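See structure below.
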Amino acid sequence: MNQSDVYAQSLYPAESNHLVDLETLEKPEVSFLVARHNGTIIGCCALVAAGDGSGEIKRMFVDPKARGMRAGRSLLDAVEQTARDAGLTTVRLETGIYQPEAISLYRRAGYRDIEPFGSYKPDPLSLFMEKIVA
Numbered sequence: 000m001n002q003s004d005v006y007a008q009s010l011y012p013a014e015s016n017h018l019v020d021l022e023t024l025e026k027p028e029v030s031f032l033v034a035r036h037n038g039t040i041i042g043c044c045a046l047v048a049a050g051d052g053s054g055e056i057k058r059m060f061v062d063p064k065a066r067g068m069r070a071g072r073s074l075l076d077a078v079e080q081t082a083r084d085a086g087l088t089t090v091r092l093e094t095g096i097y098q099p100e101a102i103s104l105y106r107r108a109g110y111r112d113i114e115p116f117g118s119y120k121p122d123p124l125s126l127f128m129e130k131i132v133a
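First residue of the sequence shown: 0, per numbering that gives the first Met the number 0; consecutive thereafter.
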């Protein structure tokens with residue numbers, strides 16, 4: 000998580016970082032997933048159920064040394080399955096414009112651009128996306 004924070008803070012100003020803390024990730028409506036390689040955690044992501052049939056991906060991060068190993072795609076597949084298993088129909092996310100690899104991953108997986116959702120405000124440094132997973 001610290002590595003994820005440092006990475007996000009190196010790319011975006013504080014007002015454009017929409018990070019959730021560990022306390023939030025411990026709530027019952029949150030599923031937290033990790034990707035491992037040879038027993039070592041190389042990536043993580045969370046799915047936060049919104050209570051309206053949708054969930055939001057938060058804290059999607061893959062260690063830079065592990066990128067190219069398809070960990071991001073594996074996490075995305077797993078979080079979508081977690082959403083379906085929980086009866087959710089839609090998965091949404093916010094990502095930053097300076098993360099072209101993440102944006103490409105989401106678009107290849109079928110995510111489409113949407114307007115800001117939930118408590119998000121328009122931000123020129125953010126992209127908002129969703130996918131119907133039901």
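C-beta atoms are modelled at their ideal positions from N, C-alpha and C, and glycine is treated no differently. Predicted model only: the values in this text are computed from it and were never measured.
Residue i versus residue j: straight-line alpha-carbon distance, rounded
| i | j | result |
| --- | --- | --- |
| D76 | E129 | 14 Å |
| I102 | A13 | 20 Å |
| Q98 | D112 | 15 Å |
| Y6 | F60 | 9 Å |
| P63 | S73 | 15 Å |
| K26 | I41 | 23 Å |
| R66 | H36 | 12 Å |
| L126 | T94 | 5 Å |
| T23 | R107 | 29 Å |
| Y119 | G52 | 18 Å |
| T81 | H17 | 22 Å |
Beta bridge counterpart(s) of residue i as assigned by DSSP
| i | result |
| --- | --- |
| R111 | E129 |
| G42 | A34 and V61 |
| A48 | G54 |
Delimiting residues of the beta strand (DSSP E) encompassing residue i
| i | result |
| --- | --- |
| R91 | T89 to G95 |
7 Å Cβ shell around residue i - same chain, five flanking residues per side excluded
| i | result |
| --- | --- |
| E79 | V90 and V132 |
| V47 | E28, V29, G54, E55 and K57 |
| P121 | P115 |
Neighbourhood of residue i by C-beta, 6 Å cutoff - its chain only, sequence neighbours within 5 removed
| i | result |
| --- | --- |
| S9 | none |
| A70 | A34, I41, G42 and V61 |
| Y110 | M128 and K130 |
| F31 | L24 and A45 |
Start and end residues, alpha helix (DSSP H) containing residue i
| i | result |
| --- | --- |
| L21 | L21 to L24 |
| S73 | A70 to D84 |
Cutoff 8 Å; reference residue i; Cβ partners in own chain excluding five residues on either side
| i | result |
| --- | --- |
| G50 | E28 |
| V19 | A45, V47, K57 and R58 |
| R83 | V132 and A133 |
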